[in-house]
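Accompanying notes for the structure given below.
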Amino acid sequence: MRKKTGLNGLVRSPRERLMAKGWLAVATMCVYSVLNTVVVFAQSGEAGINEATNQVSSYFEAGCNLVYAICAVVGLIGAVKVFNKWNAGEPDTNKVAAAWFGSCVFAVIVATVLKSFFGV
Numbered sequence: 005m006r007k008k009t010g011l012n013g014l015v016r017s018p019r020e021r022l023m024a025k026g027w028l029a030v031a032t033m034c035v036y037s038v039l040n041t042v043v044v045f046a047q048s049g050e051a052g053i054n055e056a057t058n059q060v061s062s063y064f065e066a067g068c069n070l071v072y073a074i075c076a077v078v079g080l081i082g083a084v085k086v087f088n089k090w091n092a093g094e095p096d097t098n099k100v101a102a103a104w105f106g107s108c109v110f111a112v113i114v115a116t117v118l119k120s121f122f123g124v
């Protein structure tokens with residue numbers, strides 16, 4: 005008869021095997037009770053989707069205002085950088101001005117279009 009060994013190759017006594025099975029049963033019951041609790045507090049899929057829609061809609065206006073504020077700050081930074089280049093007499097001032105202005109306009113248009121697209 006072959007002796008049963010554990011993971012590390014040591015011979016396990018019947019008492020140690022019984023204890024290991026007991027701990028496995030306890031761990032299984034703990035996981036089962038946690039999953040059962042999660043299922044009890046879960047809501048239906050439709051209710052979850054509706055709640056998520058309401059929360060996103062309520063945050064959308066504040067998010068658009070945040071984008072407008074970021075665009076204002078970026079516009080001021082861009083204006084200062086373009087002014088410095090212009091005073092220094094650098095030849096690529098027009099390209100830099102167009103890039104800063106274009107990025108600000110793009111961000112404002114994206115925020116406005118998203119607002120009208122989602123009907124918020």
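The sequence shown runs 5 to 124 under our numbering. By construction, the Cβ of each residue, glycine as well, lies at the ideal position given by its N, Cα and C atoms.
The beta carbon of Tyr72 sits closer than 7 Å to those of Val112 and Ala115, all from its chain and outside the five residues before and after it, given in chain order. The segment 16–93 contains, as complete alpha helix (DSSP H) runs of 4+ residues, the segments 18–45 and 49–92 (chain order). Restricting attention to Phe64, Arg19, Asn40 and Trp27, the CA atom closest to the CA of Gly123 is found in Phe64. Counting the other CB atoms within 10 Å of its CB gives Val86 a total of 16 or more, which places it among the buried residues. Lys119 and Leu70 have their alpha carbons spaced roughly 13 Å apart. A direct Cα-Cα distance of roughly 10 Å separates Lys25 from Arg19. Fewer than three pairs of CB atoms, one per stretch, sit closer than 8 Å, so the segment 72–82 makes no contact with the segment 51–60. Assigned with DSSP and collapsed to three states, Gly106 falls in helix. If you ignore the 5 residues before and after Lys89, its C-beta comes within less than 7 Å of the C-beta of Thr97 and Val100, all in its own chain and listed in chain order.
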